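Engineer: In our numbering, the protein residues as written are 1 to 213.
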């Protein structure tokens, strides 16, 4: 059975932007702070190391009821038995990723336009990562900021959850939620914070307050 995604505060681990902290350090702190989902982003490491890291994090996330998603690597998501994978427009095609993952794992897809969003939804995406909402230096190929207006536009044309990503902070997260996002994905807002758990907690408070119940 496919896990139910809770995308309110989606923390992406990226050890390249983390003051020397490990993926495990980031994930544990995020969970303590109230993250609802964690994405393991290991862009440069070998497959064996990614599998080992994922297998280390899975029981921790499951014990806390937190989703663990693998960035890009559908094969490793399967090998490690993670909850799912997230692919970009230049990664494995969405339909192929869905075929490999089957119907028991979650599939996220990056989408910057309404056309990409509709295509991803029709090909089997469970949620969309939309952005960059604001300018960000974390991802060199992120492209120009699309703003919260893009979240509104995509929210009108697809029925699946939208997660805003790119330059999101505790100061602007509420605007992303009010535009129609189900949650926000962050990297440096947590990984570069002096206290990662506290940074996550503050973000969770802002997001929860902005969600219309």
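C-beta: ideal position from N, C-alpha, C; glycine also. Model, not experiment: these values are computed from the prediction.
Report the residue from 25, 174, 40 whose alpha carbon sits nearest the alpha carbon of residue 194.
Structural biologist: In the chain shown, residue 194 corresponds to position 194, counting from 1. Residue 25 is the option with its Cα nearest to residue 194.
Engineer: What is the DSSP secondary structure of residue 189, counted as helix, strand or coil?
Structural biologist: The residue given as residue 189 occupies position 189 in the chain shown. Reduced to three states, the DSSP call for residue 189 is helix.
Engineer: List the endpoints of the continuous beta strand (DSSP E) containing residue 84.
Structural biologist: Position 84 of the chain shown holds residue 84. Where residue 84 is concerned, the enclosing beta strand (DSSP E) stretches over 84-87.
Engineer: Given residue 202, which residues of its chain have a CB within under 7 angstroms of its CB, disregarding the five upstream and five downstream residues?
Structural biologist: To locate residue 202, count along the chain shown from 1; it is residue 202. Excluding positions up to five away in sequence, the list reads 170.
Engineer: Return the CA-CA distance between residue 185 and residue 204, expressed in angstroms with no decimal places.
Structural biologist: Looking up residue 185 in the chain shown gives position 185. Looking up residue 204 in the chain shown gives position 204. Cα to Cα, residue 185 sits roughly 11 angstroms from residue 204.
Engineer: Taking all protein chains shown into account, decide if residue 1 is buried (16 or more other Cβ within 10 angstroms of its Cβ) or exposed.
Structural biologist: Sequence index remark: in the chain shown, residue 1 carries index 1 (1-based). The residue in question, residue 1, is exposed, as its Cβ has fewer than 16 Cβ neighbours within 10 Å.
Engineer: So, does the stretch 117-137 touch the stretch 88-100, judging by three or more C-beta pairs under 8 angstroms?
Structural biologist: In short, these stretches touch, since the Cβ pair count reaches three.
Engineer: Pull up the CB-CB distance for residue 68 and residue 23, whole angstroms please, since I reckon it's below 8 angstroms.
Structural biologist: Here residue 68 is taken as the residue at index 68 of the chain shown, counted from 1. Here residue 23 is taken as the residue at index 23 of the chain shown, counted from 1. Wrong, their Cβ atoms sit about 11 angstroms apart, outside the cutoff.
Engineer: Curious, which full-length beta strand (DSSP E) runs of at least 3 residues does the stretch 25-98 contain?
Structural biologist: Qualifying beta strand (DSSP E) stretches, in chain order: 37-40, 67-71, 84-87.
Engineer: Quick one: what does DSSP say residue 165 is sitting in, helix, strand or coil?
Structural biologist: Against the chain shown, residue 165 aligns to sequence position 165. The answer is strand: DSSP assigns residue 165 an E or B state.
Engineer: Rounding to the nearest angstrom, what Cα-Cα distance links residue 29 and residue 196 in this structure?
Structural biologist: Taking the chain shown and counting its residues from 1, one reaches residue 29 at position 29. Taking the chain shown and counting its residues from 1, one reaches residue 196 at position 196. Rounded to whole angstroms, residue 29 to residue 196 spans 6 angstroms at the Cα level.
Engineer: Look up residue 13 in the DSSP assignment and give the residues it is bridged to.
Structural biologist: Your numbering for residue 13 matches position 13 in the chain shown. Partner(s): 40.
Engineer: Considering just the uninterrupted stretch of the beta strand (DSSP E) at residue 119, what are its terminal residues?
Structural biologist: Against the chain shown, residue 119 aligns to sequence position 119. Counting along the chain, residue 119 falls outside any beta strand (DSSP E), though it belongs to the alpha helix (DSSP H) covering 114-122.
Engineer: Assuming the contact rule is C-beta atoms closer than 8 angstroms, residue 77 and residue 85 should be a hit. Round their C-beta distance to whole Å, please.
Structural biologist: In the chain shown, the residue the question calls residue 77 occupies position 77. In the chain shown, the residue the question calls residue 85 occupies position 85. Yes, residue 77 and residue 85 are in contact; Cβ-Cβ is about 4 angstroms, under 8 angstroms.
Engineer: Can you give the Cα-Cα distance for residue 60 and residue 128, rounded to whole angstroms?
Structural biologist: Taking the chain shown and counting its residues from 1, one reaches residue 60 at position 60. Taking the chain shown and counting its residues from 1, one reaches residue 128 at position 128. Residue 60 and residue 128: Cα-Cα distance of roughly 25 angstroms.
Engineer: Which class does residue 145 belong to by DSSP, given the choice of helix, strand or coil?
Structural biologist: Stepping through the chain shown from its first residue, residue 145 is reached at position 145. Here residue 145 sits in coil by DSSP.
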